[in-house]
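Contents: one structure, followed by commentary.
Residue numbers (my numbering): 1 to 228.
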């Protein structure tokens, strides 16, 4: 689905927070950014920073921007045509040819500290009704498609097993179904916990968007404090 040009101008507005993906020093990197201005031909995006230093995004390079708008997530591709100095240094990019729903699985991860409850499913168990997750864990890293958490080890907690996880965001919570893709010991943890990486296999679009909005807000707050 491609968004109509009129809606595109409703979504791409000044002060909108965006996730900016740019090719920097030989690799694709993601940064928090903001739309600082628009005209009929160009969009001004706050130039990406790392540790308070401008990242070297080349003129002529392609960027991808992701925007949350009215509980929906969109993305577009564009080309950097200039740079602008000032109190807020900016990248000048062309208006995109199209605006499309975002591929949520490709979203950035962020270190967090969030409570969760979980239940381990039996091997190859068919899920007609998800069990109530009651065991406690701590989410250390989160994205819209996966998480990394510290939990207590137990028999059967193996790579490939599935878990039901109740993710507790500050403003909302919901249950997802994930598969363990990574497991390792937590060094020097007095509780003897293990760290597991989960790939989320079942999640409602509404809660996936809620995670994305939470991560955007966390990026904004951390950037304002100079943490990012």
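Virtual Cβ for every residue (Gly too), placed ideally from N, Cα, C.
Values in this document were obtained by computation on a predicted structure and should not be read as measured data.
Min CB distance residue i to chain D below 8 angstroms
| i | result |
| --- | --- |
| residue 43 | Any reference to chain D falls outside this structure, which holds one protein chain only. |
Residue i versus residue j: straight-line alpha-carbon distance, rounded
| i | j | result |
| --- | --- | --- |
| residue 44 | residue 16 | 11 angstroms |
| residue 21 | residue 63 | 6 angstroms |
| residue 24 | residue 134 | 43 angstroms |
| residue 192 | residue 154 | 11 angstroms |
| residue 67 | residue 55 | 21 angstroms |
| residue 42 | residue 219 | 25 angstroms |
| residue 207 | residue 116 | 15 angstroms |
| residue 87 | residue 100 | 31 angstroms |
| residue 121 | residue 40 | 54 angstroms |
| residue 262 | residue 215 | This structure leaves residue 262 out entirely; the chain is present only between 1 and 228. |
| residue 58 | residue 77 | 15 angstroms |
| residue 1 | residue 217 | Bear in mind that the predicted position of residue 1 carries a pLDDT of just 49, short of 50, making it unreliable; the figure below should be weighed with that in mind. One C-alpha to the other measures close to 27 angstroms. |
| residue 113 | residue 139 | 6 angstroms |
| residue 69 | residue 190 | 43 angstroms |
| residue 209 | residue 18 | 14 angstroms |
| residue 10 | residue 205 | 22 angstroms |
| residue 96 | residue 29 | 20 angstroms |
| residue 51 | residue 131 | 44 angstroms |
| residue 38 | residue 14 | 7 angstroms |
| residue 26 | residue 65 | 19 angstroms |
| residue 35 | residue 111 | 25 angstroms |
| residue 49 | residue 94 | 21 angstroms |
Where residue i falls, given that 16 or more other Cβ within 10 Å makes a residue buried
| i | result |
| --- | --- |
| residue 178 | buried |
| residue 85 | exposed |
| residue 7 | exposed |
| residue 167 | buried |
| residue 105 | Confidence in residue 105 is poor, its pLDDT being 49 and thus under 50, which makes the residue's placement too unreliable to answer from. |
| residue 212 | buried |
| residue 137 | buried |
| residue 187 | exposed |
| residue 32 | buried |
| residue 162 | buried |
Inter-residue CB distance, residue i and residue j (contact presumed, cutoff 8 angstroms)
| i | j | result |
| --- | --- | --- |
| residue 194 | residue 185 | 6 angstroms |
| residue 89 | residue 123 | About 54 angstroms; that fails the 8 angstroms criterion. |
Opposing strand residues paired with residue i [DSSP bridges]
| i | result |
| --- | --- |
| residue 91 | 45 and 83 |
| residue 138 | 115 and 150 |
| residue 163 | 120 and 178 |
| residue 77 | 64 |
| residue 196 | 149 and 183 |
| residue 50 | 53 |
| residue 24 | 27 |
| residue 36 | DSSP output for residue 36 lists no bridge partner at all. |
| residue 110 | 142 |
| residue 14 | Looking at the DSSP assignment, residue 14 forms no beta bridge with any residue, so it has no partner. |
CB of residue i within 8 angstroms of CB of residue j, strictly
| i | j | result |
| --- | --- | --- |
| residue 53 | residue 118 | no |
| residue 145 | residue 98 | no |
| residue 181 | residue 203 | no |
| residue 80 | residue 61 | yes |
| residue 109 | residue 142 | yes |
| residue 83 | residue 73 | no |
| residue 129 | residue 102 | no |
Residue i Cβ short of 7 angstroms to the ligand ZN heavy atom set
| i | result |
| --- | --- |
| residue 99 | Of the ligands one can find in the structure shown there are none, so the ligand ZN has no counterpart to examine. |
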